[in-house]
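Undergrad: Numbering (the numbering used here), first residue to last: -5 to 318. All residues carry an ideal CB built from backbone N, CA and C; glycine is no exception.
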Amino acid sequence: MNLDELIRYTFLDLAFLILLVSLAIRIGLFFYSFIKSAAEKDRPLKYLLAALSRLFFPLYGSVSKRPVYTILRYLFHICLIVVPIWYSGHIILWQAYGIDWEWTALPDEWIDALTLIGLGFALCFFVRRIVINDIRTCSTKSDYVLIVVTALPFLTGYALSQGSAEGIPFLDTHMEAIHILTAEAMLVMAAFLFLKVKIKADRCVGCISCTLMCPTDAVVPEEIAKQRTIHYMQCLCIYCANCIRTCPEDAVQMSHELGVLRFFKMISKRSLICVELAACDCCGRFFAPISQLEKLQKTYPGNHINICTICRKRNSARKILKWE
Ligand code: SF4
Ligand code: SF4
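(1) Could you tell me the distance, in whole angstroms, from the CA atom of Leu100 to the CA atom of Glu288?
(2) Can we count Ile29 as close to ligand 1, meaning its CB is less than 6 Å from some heavy atom?
(3) Can you give me the C-alpha to C-alpha distance between Met248 and Ile314, rounded to a whole angstrom?
(4) If we ignore side chains and look at the alpha-carbon of each, how far apart do Asp275 and Phe257 end up?
(5) Hey, could you find the ends of the beta strand (DSSP E) Ile193 is sitting in?
(6) Measuring only from the beta carbon, is Val62 closer than 6 Å to any heavy atom that is part of ligand 1?
(7) Contact check, Tyr226 vs Leu266 under 8 Å by CB: the rounded distance?
(8) Note down, in chain order, each residue of its chain lying with its Cβ closer than 7 Å to the Cβ of Ala195, except the 5 sequence neighbours on either side.
(9) Heavy atom of ligand 2 less than 6 Å from the Cβ of Ala282, yes or no?
(10) Using a Cβ-Cβ cut-off of 7 Å (strictly less than) and excluding sequence neighbours within five positions of Val254, which residues of its own chain qualify?
(11) Based on the DSSP output, what are the partners of Gln399 in its beta bridges?
(12) Tell me the DSSP secondary structure of Ser203 in three-state form.
(13) Please determine if the region 229 to 248 and the region 198 to 210 are in contact, where contact requires at least 3 C-beta pairs separated by less than 8 Å.
(14) For the pair the region 117 to 131 and the region 155 to 174, tell me if three or more CB-CB distances fall below 8 Å.
(15) Just verifying my parser: in three-state terms, what is the DSSP assignment at Ile124?
(16) For the region 141 to 154 against the region 108 to 121, are there 3 or more C-beta pairs whose distance is under 8 Å?
(17) With Phe280 and Ala219 assumed to form a contact (beta carbons below 8 Å), what rounded beta-carbon distance in angstroms separates them?
(18) Please indicate yes or no: does the CB of Asn236 lie closer than 6 Å to some heavy atom of ligand 1?
(19) In three-state terms, what does DSSP make of Val254?
(20) Using the beta-carbon of each residue, find all residues closer than 7 Å to any heavy atom of ligand 2 and list them in chain order.
(21) List the residues that DSSP assigns as beta-bridge partners of Val143.
(22) Within 10 angstroms of its Cβ, does Ile93 collect 16 or more other Cβ (buried), or is it exposed?
(23) What is the DSSP secondary structure of Lys35, counted as helix, strand or coil?
(24) Check the C-beta distance from Cys231 over to Thr210 and give it rounded, since I have them as a contact under 8 Å.
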């Protein structure tokens, strides 16, 4: 077998196989964990179906908070799917590959336009990560690698279809192999690419609104003595961004992670944040995060803030009874 066959067939088979296995593991883990947690909490089947329907609209929850960015992301992903599937050159290759389906290709001019639009988005996302301070500080190396590896097959494919590499030594004869290799790299990267939810410790006040709005219990609170911890289980997360939309402090973020070991981390509970609870001035019960009370204190000064809701109701009832 020569190098050309290795790149065209063996590597491509391997890349698809890795991607399919990765998808199967993720879907299997999600179903297992979700059905288990739904059974523990005695949730009806329609709840599972509603949560699953959201899998097809990831990030829908962030539409109201970052509408332009979310719409651009959706358009970018549409370009990523449409170009490789509806490009006439690829359809011929699929058939040569043994896939006996036929579908109508989009005109080449449309594909060229969508490729350029996709590349334009990729450039915008890359520059945005570098230029905007808030995004740069929470970006990881994976975020940059992801954009570059995703853009490369589109760039090389465009150069190939336009004959831009003609006359350039090495590229002239090897552009097709480079294009296939970059597409294979993108498929393998997609197999090991994960999105994860993060909470910024300097912003979070521990109010647990994010956990209340999470449809799959991917984020859950736990209270032990005077500590409140928010745990995250990645295999349950459907990336709906409800937590981002709900957080009153803008403390929730999503970032990319790349790596084989992430599969094992998916099923373990990770602690995202831990806050200390304040004791009620009347009954001594730990009832609300200190950071949240400090924030409330600025708006509602006075010493009534440090009283839990049960004591507050009890005190009001006593006052009413006295008055009667
Ligand atoms: S953790 Fe956030 S993004 Fe993930 S499922 Fe829950 S609400 Fe949606
Ligand atoms: S991340 Fe936001 S919503 Fe969740 S506990 Fe912290 S402040 Fe509340």
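TA: Quick look at the numbers:
(1) 59 Å
(2) no
(3) 49 Å
(4) 46 Å
(5) Leu187 to Ile193
(6) no
(7) 5 Å
(8) Ile267
(9) no
(10) Phe186
(11) Not covered by the structure: residue 399. The range shown for the chain is -5 to 318.
(12) helix
(13) yes
(14) no
(15) helix
(16) yes
(17) 7 Å
(18) yes
(19) coil
(20) Ile193, Arg197, Cys198, Val199, Gly200, Cys201, Ile202, Ser203, Cys204, Thr205, Ile224, Cys237, Thr240, Cys241, Pro242, Glu243, Ala245, Val246 and Ile267
(21) Note: Val143 sits in no beta bridge, so no partner.
(22) exposed
(23) coil
(24) 7 Å
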